[in-house]
Structures are given as structure tokens and as C-alpha cells.
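Here the structure is laid out as C-alpha cells; the discussion comes afterwards.
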Amino acid sequence: MNRNKIELLAIGVLAVVGKIGFCFSHSHRPYELAQIQFCPQTANTKSNILKDKHKANKLKYYDLQAQEKLDKNYCYTPRYVLAEEWDKYGRYGSIIPYMGSTISLVSIIKRDNPYQIYGNITSLLGLWGISFVLIIRVNRLKKTDYQLAQEEKTTAYQLWQQNKYKREIKSHTYQLHTDKMKDSLSQLDLEERIELGITDDENEAIKNQLIKEDYLKARAVTHSQMDKEIAANILDKHKSEKEIARLNNKKSISPSNATQPTSQQLINSLIEALKTHEDGWLYSIIKNAKPLWLIGSQGSGKTNTAAAIALIRKYCFSAPIYQLIDRHATGENWEVWKLLDAVLKAESEEEIGQAIIDATDRWLQRIKEKPSTKQQIIIDEFTNLKKIYSCKEAAMKFFSMHLTDTRKAKEYFIGVNHYFTNESTVEGTFEARKSGTIQLKKFSANGETPLSRVQIVHGLVDENGNELEEVERTLPNWLEANNIYRHFNGNAINFE
Amino acid sequence: MNPYDIEDDLEQSETTPDTPLPQELTEHLEERKKHRLQVIHTTELVQKYFISWSLSVTGFFLARLLLLINGGASLWLAAGLCFSVCSITSVIGLSGFRANYNNGLEVEGMDKPLRTIGGFVVAAGTTWLAIKDYQYFQQITYDTAHQISADIQTIYQKRPWLDPWLSIGIAAAILISSLFLISKR
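In order, the protein sequence lines correspond to chains A and B. Counting with this note's numbering, you get residues 28 to 523 for the letters of the first sequence. Counting with this note's numbering, you get residues 28 to 212 for the letters of the second sequence.
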């Protein structure tokens, strides 16, 4: 029961109490009365007269009925006074003349309602109770007015919303009904006109085709406007991200905040293992600033190897991964890429298009700034980018630039591709690719299981500086992204 | 730092804007607000009325109680007390009335004294109701006493203790003896 009901109930109960008290307080004779009698005594009694000889002779002259007459005239008349006044009879202040026993009390008449005082008290309590409850109620109403207003606002707004939705649904239903009716009537009209020979199926088909074309054009216009808005939004987003990344990069790459070098012992052990693996070719490739391309068929483990090399560069050469460009960045490759903790990720076509434009601009900027710190960029499935219309031009420029600019901009580049031909890259860059990149080809046994066998197609030189081609080597079995990550995160690799 | 600067900052600080409500809802809420204030106002009037009533009944009861306990000795006390208690709300109702003489009489809240006078009239009525029964019985007592006195007078006039002729004789004897004594000198 809420307070409102309690208060109203209390007022009701107290009103009943007050009313009962009021009824019991009524009285016609609220004060005690004394009934008295005034009975004067005559001296003309026969015995008195006979006592006196002189009087006795004149007995016939005396009125022997005097007492009866007096009693009749005075004693039998009822007389009432307040009981308190009778109490004072014969004392100072009494207004009744003192006549001794001539005036005597007949009886005390009690009050007609002995409960009048209790009735008065009860009605008084009832009224004061109602007043008290009303005081409480007024104070409560004043105090809770703001709360009530807020509750009413919330409830009313909720109700308004619900009814608005109901109206919308109703309106939509009527619209659908109207549309259906329109279609039916149009169909009937068409059938009638065909019957009358005003039109025929061919004519209607042409008309429909024209309407369809208009509709598609209107749709295309709407879509192009939407595309424009999307492009503008993406551009703004990239600008913002670029700015944020530039600021973050400054912080993260600054000597004090750079990726915390892991234990030098771990670094040394890894570098030692790389150097001692076969003739140290892997260490030479990882340390080399030339763009590294991993080529191979599906299932050859290119992505994993690329991530492992990127992690070694990150931890051993203090080169954080700045940008990751992959259409499947958060898809099937995410388990591997997430270990890199890249600053920027580009996944959708729009993001990738913008990312490769940003990368070329960044390289030029870094070359101008002559940075002292290194960073990395990884691009997966480059071949596909050429097939995307919106990315094609930017991708070709990106490929040409990466051959020269990444090294100068101190940005390690790792590209992943199925093959490395003119078709898959950019025509007329064969020589540049040959001299400016390291191409590492990977193999798989059955299209699923990667093999340790690798072929360094270009980029490896012998001790005399001669370029070697298609050199067969093997990768160490511990060269996996997860192993490298764990090596620097509490689970060192046992290289023995 | 100047403390007034802090106040300026506080005044300029922005609060979170409330959910914008549709026009019809705003109007409805305004109506509800007016209704709520009306309810509070009405309840307050009822409360004042009941307090006034309770005070009147209290005065009435006190007067009755005094007369029952103490009788006529407390008649004026009972009347005074009843009138005072019943007039409390009327006197409080004077709050807001201002009269000042400053280049002429300036009066503010003229309705207040009029209401107070009305309250006094009601208080006087209540007081009269409280004591009227007692006064009625007191009047009966006076009437009875007066009647007895009148009866006594009547009885003594009709039936004096001495014979009238004897009285005349005594008077005549006194007169003659007086004249005799004077003539003897």
C-alpha cells in the first residue's frame, strides 16, 4: 500500500472517530441541577393559638387553612438551581436568600450524558489527527513534486514512444494495403484495356522497361550520392587515423617509449640461432633492408613465415609493425596477425586503397625527416589489389615506390604473394624486382602442409658479392610466428 | 584567487541537456504540473481549514471542561480562553498585512485584517456556543432565587408578624406620650 492510500485511509478513520466523538458529546443538560422547594411555615396553627389564652378567645378569627394555602402556593412549585449554587446555600456568595430549612433540597438532577467529556475528547482527537495527517500529506506532496514530475515525464515519454510505434506500424500496414489495392486495380485496368484493344502485352512490356530503367537510374544516382558520402567519411577517418598514428608513432618510436627491448639474452640467443642456421642466410635476409617478398602456393605457410620474420625484426631490431594491409586481416589470418600488434590495419577495399596511398606519402615524408627509428609494413595478397578497380592505380604506384623508398624511409617491407610475375606485380619492373627485392619462395607438400624447403629466388649474395639465384635452403623448424612471440613472452625457444 | 571567479565558473558550467520531448507531451506535462500544484494548493487549504476547526473545537472543549469542573467561578476564564484559542488562526492570518505612514498611509494586504475580523466573529460565536448552556442554567438559578425572594416579600406583606391595628395603636401611643413629654417641659 503506498503512502497516498495510507494517508487517505487514516483521514477516513479519523473522520469516523471524530464523528462518533461528536455524536457522544451532545447533551441537553450538561450541568448538574438541584431541585429545591420553598415551604414557608404559618404561625396560625390551632395548637399554637390554643396555647395563648388571649388568642384562643379569638380562634374564630384565625385562618386555620393558612398552611395548606401556603404549601399550595409555594411549596409545591418546582424550583431548579445549578447544583453548585445549591452547594453554596447558606454560605457567602449564595444568591438564594437564606431561609433555613424553609428552603430545602428535593433532589440532585444528574447530567443527561455522562460521556460528553469523552465524546468531546474523541472528536478533538479525530480533528487533530486529520489536521496532522493533512500536514504530513502537504509536506510530502511538496517534497515529492519533483520526483513525481520526473516519473510522469518518463512514463509519458515511454507511452508516447509506444503509441508512436503503433501508429507507424498501422500507417505502414495501411500503406501496404493501399499499395496492394493500387496494384490490383492497375492489373484490372490493364486487363480491361487489353480486352478493349487500347494496349497489348508488347506495349506494356516497353512501358515497364522504361519505368524500370528510370528506377534503376534514380537508384544509381542515390547510390552514387551515398558512395560519395561514404568516401568522404572514409577519407576523414583515414585523415584522423593518420594524425593519431603519427602522434602515437612519435611516442611509441621515441627512444624512451620504444618497444621495450626484451631480455638481451633472448635476443642474443635468437640471433645466434639465426646466424648458425645453415650458413646464416636467414639472418642476412631478416637484417636486410630490401623489401622481402614471400612467394608460394596456398598452404605453403607464407603468412606465418612473414609474421615470424616481422616479429624477429620487431623484437631484435626495434622495428614495430606500423601498417598491416590484408583483406583477411581480421579473418582467417587474424590468429597470426594479432601477434604483431600493428598500429594501423587496412582490411576493406576502401581502407586498403587509402592505406597504400598513405604508405607512399609516408615514405616520402620519412625520407625527408631522416628518421632514426625503424618500422615495418606488411602487405598480403598484393596480386588481388591490382584486380580491384579502385585500388589499381594506387597499387601500381605503391609497387614501383616500394622498390626504392622503403629502404630509405627505414621501413622494413614484407610482401606476400602467390607468384611474382609481371602480371602479378607491375610490368617493366623485372630488373628492378630482381635487384631491389629479396624473393623467398615457399612450398607445400599437398597444398595444406608447409614444407621447410625454401628457394631464395633473388636477393642472396655470396661472400664475393655475386648475386645468387634460386638457392635451395631450409627454414628452421622453430621459425613460426607463435614460437617467436612466445620466445619473447615468457616461453623461450630451446634452439638446441 | 578571487572567490567570485569560482562562482562564475559554476554559473557557466554546462549541464547535460534533457531528452527533447515532443510539443504535445511538453504541453501535457505542463498541464500535469499545474494540476499537481492545484492539488497541493487545495490540500493546503483543507489542512488550514481543519487546523482552524480543530483549534475552535479545542477552545470549545476547554471552556466546557472549565465550566464543568469549576462552575461559574471560571466563567470569564473559560470565555477568554475559548476566544483566545479560537482566534489563533485569525491572528496568524494577519501575517502579510503592512500599514505604514510615509507621505500618506500605505497599506498592504488589506484583506488580511478583514479576514481576521471575520475570524474574531467566528471565535466569538464559538465562545458563545461554549458558554450559552451554562448561562442558560445560571439564568434559571437567578430566576429561581429571584422568585423565592419575591415570594418571601409577598408572604410578609400579606401576613405580617404584628396585627396592623396593634401597630397603629403603638404608634399612636408613642406619638401621644411624646407630645405629653414635650408639653410637660
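No residue lacks a Cβ here, since even glycine has one placed at the ideal position from N, Cα and C.
| Asked | Found |
| --- | --- |
| Against chain B, with Cβ distances strictly below 8 Å, would A:F51 count as a contact? | no |
| Could you check the C-alpha separation between A:P288 and A:L487 for me, to the nearest Å? | Only weak support is given to the placement of A:P288: the predicted model assigns it a pLDDT of 46, under 50, and the value that follows is read from those uncertain coordinates. Taking the straight line joining both Cα atoms gives about 29 Å. |
| For B:V73 versus A:L154, is the C-beta spacing smaller than 8 Å? | no |
| So A:W320 and A:L467 are supposed to be a Cβ contact under 8 Å. How far apart are they, rounded? | 7 Å |
| Closest Cβ-Cβ distance between A:N284 and chain B: below 8 Å? | Confidence at A:N284 is low in this model, with a pLDDT of 45, below 50, so its placement is unreliable and no value can be given for it. |
| Between the Cα of B:L108 and those of B:P140, B:G123 and B:R91, spot the shortest distance and give me the residue it belongs to. | B:R91 |
| Are A:N147 and A:H53 touching if we call contact CB-CB under 8 Å? | no |
| What are the complete alpha helix (DSSP H) segments, minimum 4 residues, inside the segment 396-429 of chain A? | 409-414 |
| If you compare alpha carbons, which of A:Y145, A:N295, A:N518 and A:E111 is closest to A:I135? | A:E111 |
| Pull up the distance between the alpha-carbon of A:N235 and that of A:E376, whole angstroms please. | 36 Å |
| When we look at the beta-carbon of A:L391 and count the other beta-carbons within 10 Å, is it buried (16 or more) or exposed? | exposed |
| Under the three-state reduction of DSSP, which class applies to A:Y119: helix, strand or coil? | coil |
| Please confirm if A:W320 has its CB atom under 8 Å from at least one CB of chain B. | no |
| Following a CB-centred definition, is A:A422 positioned closer than 7 Å to any heavy atom of the ligand GTP? | No copy of the ligand GTP occurs in the structure displayed, which carries no ligand at all. |
| Give the secondary structure of A:A285 by DSSP, where H, G and I count as helix, E and B as strand, and everything else as coil. | Reliability of the predicted coordinates at A:A285 is poor, the pLDDT of 47 falling under 50, and the value obtained from them is presented with this limitation in mind. Note: A:A285 maps to coil in three-state DSSP. |
| According to the neighbour-count rule (16 or more other Cβ atoms, all chains shown, within 10 Å of its Cβ), is B:A200 buried or exposed? | exposed |
| What is the DSSP secondary structure of A:Y342, counted as helix, strand or coil? | helix |
| Taking only the alpha-carbon atoms, compute the straight-line gap between A:D227 and A:K239 and give it to the nearest angstrom. | 18 Å |
| Specify the secondary structure class of A:L36 as computed by DSSP and reduced to three states. | helix |
| Flag A:N147 as yes if its beta-carbon sits less than 8 Å from any beta-carbon of chain B, otherwise no. | yes |
| Using CA coordinates, which residue listed in A:I163, A:T400 and A:L495 is at the minimum distance from A:I312? | A:L495 |
| Residues of chain A with CB closer than 7 Å to the CB of B:H55, please, in chain order. | A183 |
| Between the alpha carbons of A:G517 and A:T303, how many angstroms are there, rounded? | 23 Å |
| Report the rounded CA-to-CA distance for B:V112 versus B:G86, giving the unit in angstroms. | 5 Å |
| Looking at the secondary structure, which residues open and close the beta strand (DSSP E) in which B:R212 lies? | Element bounds for B:R212: n/a, residue is neither H nor E. |
| Would the beta-carbon of A:I144 fall within 8 Å of that of A:I38? | no |
| Given that a residue counts as buried once 16 or more other Cβ atoms are within 10 Å of its Cβ, and exposed if not, what is A:K395? | exposed |
| Beta-carbon separation of A:D407 and A:T330 under 8 Å? | yes |
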